[in-house]
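Reading the sequence shown from the start, the letters are residues 327 to 412 in my numbering.
Taking it in order: structure first as structure tokens, then the write-up.
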Amino acid sequence: MVYSKNFTERDFLNLPKTIRSRITKAINERLTTDPIKFGKPLRGRLKGYRRIRVSDYRIIYTVNIAKHKVFVATAGHRDTIYEKAT
Numbered sequence: 327m328v329y330s331k332n333f334t335e336r337d338f339l340n341l342p343k344t345i346r347s348r349i350t351k352a353i354n355e356r357l358t359t360d361p362i363k364f365g366k367p368l369r370g371r372l373k374g375y376r377r378i379r380v381s382d383y384r385i386i387y388t389v390n391i392a393k394h395k396v397f398v399a400t401a402g403h404r405d406t407i408y409e410k411a412t
């Protein structure tokens, strides 16, 4: 199953350059192949979202299985990403 993705460009450009390439690789390898398998569901106020880890960074996303789409809500350092996502 092929998934398309959206990404907020502003959040992406605020990340360190070395992390940007790792996040791009994670999106291309994990989210476009099987976002449910690779992601962990979030709880509480972020219920309905999932996350994948890339070192100390997280990618927060939702999956629309019917439309075969992944929407990446945000990406950032684990210390601040959950506050930013709400």
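All C-beta atoms, glycine included, are put in the ideal place defined by N, C-alpha and C.
Through-space distance from Thr359 to Arg348, alpha-carbon basis: The C-alpha of Thr359 is placed about 16 Å away from the C-alpha of Arg348.
Starting from Ala392, follow the alpha helix (DSSP H) in both directions and report where the run begins and ends. Note, Ala392: premise wrong, no alpha helix (DSSP H); not H, not E.
Euclidean distance between Cα positions of Asp405 and Lys343: 18 Å
In the DSSP assignment, find the beta strand (DSSP E) that holds Arg377 and state where it starts and stops. 376-380
Just confirm the distance between the C-beta atoms of Val389 and Pro367, as a whole number of angstroms; I'd bet it's less than 8 Å. The pair is not a contact, with the Cβ atoms about 10 Å apart (cut-off 8 Å).
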